[in-house]
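Novice: Here it is, the structure, as structure tokens.
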Amino acid sequence: MRRRLFAPEIFVCRLALVSSVFLFVGSSARPADPIPDRLVVLTFDDSALSHYTVAAPLLRDYGFGATFFITEGFDFRTNKQDYMTWEQIAELHRMGFEIGNHTRDHVGINDAAVPRLAEQLDGINEQCRKHGIPQPVTFAWPANATSEKAFAGLRQKGIVFARRGGTPEYPYDKGRGFAYEPGRDHSLLVPSAGDARPDWTMQDLIRAVSQAKDGRVAVLQFHGVPDTAHSWVNSPQQQFEAYMKYLSLNDYTVIALRDLRKYVSIEDDPADPQKIIRERQTAVRNNAAHERAAPKNGVRDQADGTTAVKAK
Ligand SMILES: [Zn+2]
């Protein structure tokens, strides 16, 4: 008779240990896979009802992954015309999508708000626990605030990746941004390559996702499709459908933010997370100056926004 190597309860303990180690340092194990070109991370903010009614069924048809960043901010608790219920959020999880943490009250986490971070994360974690959703391992910074002082608190709660917007490299208004460059961007300051706006066209989407090459990942940020509560970040449904069709027809791989653990090691995070941001800000300023000086001289907006940085 074969000897049992582990009593079942010991095995369970080992599993728990392995999974908790994975939660905290999982992405520091050397990932096996190189980052493919045309890799897109799809993210949705602010718990809009249309995430459940419009976006999720469409994404399922395409076989796309996505992260839904949940907050109970705004009037989430009382307004179910515009925001999902927790049951619907749990259904997104059961459909295979990722549920991420966007703070309980949609609090901008700047230096002054760092003391509130733990309770803000716990508020969402607790609701996830109640509704059978795994504790989120990704976070989206609300309201375009960020703070390096929050990094330790994020890691303490098991956050592996935190996504920001396209600022400060680009102004907020057009929803532009740079692709995520693991090793140069910090995993807790993952930039949005595009943050969809009501007046976005297909060109804006292409500008964002065409950066997904040479080890860079295009992270896209959407709000409601449509967004019935936040008109300034609305994406009309037809437009969104056209974007998803484009990604499918052009062979993009579309995944949730958590799935980057397969490709990215947090061991490679830069010592100075602001360095790449400063370099890009310089490049954006230089490009703008070139455009003003020689608008007819073949100098144009860098489609992928990176050439000027790489040429240094
Ligand atoms: Zn938000």
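Here my numbering is used: position 101 in the sequence shown is 85, and no number is missing along the way. Where a beta carbon is used, it is the ideal one built from N, C-alpha and C, also for glycine. Note that this is a predicted model, so its numbers are computed, not measured.
For residue 278, which three-state DSSP category applies?
Specialist: Taking the sequence shown and counting its residues from 1, the one referred to as residue 278 is at position 294. Note: residue 278 maps to coil in three-state DSSP.
Novice: Do you know whose CA, among 96, 81 and 70, lies nearest residue 52's CA?
Specialist: As a first step, residue 52 must be located in the sequence shown, where it is residue number 68. Cα-wise, what sits closest to residue 52 is 81.
Novice: Check whether the stretch 209 to 216 and the stretch 249 to 258 are in contact - that is, three or more C-beta pairs closer than 8 Å.
Specialist: They do not touch, by the three-pair rule.
Novice: Taking the continuous alpha helix (DSSP H) assigned at residue 16, which residues delimit it?
Specialist: For this step, residue 16 is matched to residue 32 along the sequence shown. No alpha helix (DSSP H) holds residue 16; DSSP gives it neither H nor E.
Novice: What number of angstroms, rounded off, separates the C-alpha of residue 74 from the C-alpha of residue 133?
Specialist: The sequence position of residue 74 within the sequence shown is 90, counting from 1. The sequence position of residue 133 within the sequence shown is 149, counting from 1. Answer to the nearest angstrom: the Cα atoms are 31 Å apart.
Novice: Hey, quick one: how far does the beta strand (DSSP E) through residue 147 stretch, first residue to last?
Specialist: Walking along the sequence shown from the start, residue 147 turns up at place 163. First-last of the beta strand (DSSP E) with residue 147: 145 to 147.
Novice: Below 8 Å on the Cβ atoms is my contact criterion, and I expect residue 131 with residue 93 to pass it. Report the Cβ-Cβ distance as a whole number of Å.
Specialist: Counting from one through the sequence shown, the residue named residue 131 turns up at place 147. Counting from one through the sequence shown, the residue named residue 93 turns up at place 109. About 6 Å separates the two Cβ atoms, so the contact holds.
Novice: What does a CB cutoff of less than 7 Å around residue 111 pick up in its chain, not counting 5 residues either side in sequence?
Specialist: Stepping through the sequence shown from its first residue, residue 111 is reached at position 127. 70, listed in sequence order.
Novice: Whose C-alpha, out of 256, 49, 66 and 98, is nearest the C-alpha of residue 228?
Specialist: For the purposes of this step, residue 228 is identified with residue 244 of the sequence shown, where counting begins at 1. Considering only alpha carbons, the answer is 49.
Novice: Please confirm whether any heavy atom of ligand 1 lies closer than 7 Å to the CB of residue 126.
Specialist: Locating residue 126 in the sequence shown gives position 142, where the first residue counts as 1. Indeed, a heavy atom of ligand 1 lies less than 7 Å from the Cβ.
Novice: Which residue's Cα is closest to the Cα of residue 177: 186, 149 and 168?
Specialist: Sequence index remark: in the sequence shown, residue 177 carries index 193 (1-based). Nearest option by C-alpha distance: 149.
Novice: How many angstroms separate the CA atom of residue 60 from the CA atom of residue 88?
Specialist: Stepping through the sequence shown from its first residue, residue 60 is reached at position 76. Stepping through the sequence shown from its first residue, residue 88 is reached at position 104. So the two alpha carbons sit approximately 10 Å from each other.
Novice: Is residue 81 helix, strand or coil when you go by DSSP?
Specialist: To locate residue 81, count along the sequence shown from 1; it is residue 97. Here residue 81 sits in coil by DSSP.
Novice: Cutting at 6 Å between CB atoms, please list the residues of its own chain near residue 35, excluding the five before and the five after it.
Specialist: Translated into the one-based positions of the sequence shown, residue 35 becomes position 51. If we look at residue 35 and ignore the five residues flanking it on each side, its Cβ neighbours are 28 and 52.
Novice: List the endpoints of the continuous alpha helix (DSSP H) containing residue 193.
Specialist: Counting from 1 along the sequence shown, the entry for residue 193 is found at position 209. Element bounds for residue 193: 186 to 193.
Novice: How about residue 90: is its Cβ closer than 7 Å to a heavy atom in ligand 1?
Specialist: Locating residue 90 in the sequence shown gives position 106, where the first residue counts as 1. Correct: residue 90 has its Cβ closer than 7 Å to ligand 1.
Novice: Evaluate residue 46 with the Cβ neighbour count: other Cβ atoms within 10 Å of its Cβ, from every protein chain shown; 16 or more gives buried, anything less gives exposed.
Specialist: Taking the first residue of the sequence shown as position 1, residue 46 is located at position 62. By the neighbour-count rule (16 or more Cβ atoms within 10 Å), residue 46 is not buried but exposed.
Novice: How would you call residue 9, buried or exposed, if buried means at least 16 neighbouring beta carbons within 10 angstroms?
Specialist: To locate residue 9, count along the sequence shown from 1; it is residue 25. The pLDDT assigned to residue 9 is 46, lower than 50, so where the model puts this residue is not dependable, and the model offers no usable value.
Novice: If the criterion is Cβ atoms closer than 8 Å, does the pair residue 122 and residue 108 meet it?
Specialist: Locating residue 122 in the sequence shown gives position 138, counting from the first residue. Locating residue 108 in the sequence shown gives position 124, counting from the first residue. Taking 8 Å as the Cβ cut-off, residue 122 and residue 108 do not qualify as a contacting pair.
Novice: What is the rounded straight-line gap between the Cα of residue 117 and the Cα of residue 83?
Specialist: Within the sequence shown, the letter at position 133 stands for residue 117. Within the sequence shown, the letter at position 99 stands for residue 83. Taking the straight line joining both Cα atoms gives about 8 Å.
Novice: Out of 103, 54 and 197, point me to the one whose CA is closest to residue 165's CA.
Specialist: On the sequence shown, position 181 is the one that residue 165 refers to. Residue 197 is the option with its Cα nearest to residue 165.
Novice: Residue 206 and residue 172 look like a contact to me (Cβ under 8 Å); what is the Cβ gap, rounded to whole Å?
Specialist: Your numbering for residue 206 matches position 222 in the sequence shown. Your numbering for residue 172 matches position 188 in the sequence shown. No, residue 206 and residue 172 are not in contact; Cβ-Cβ is about 21 Å, not under 8 Å.
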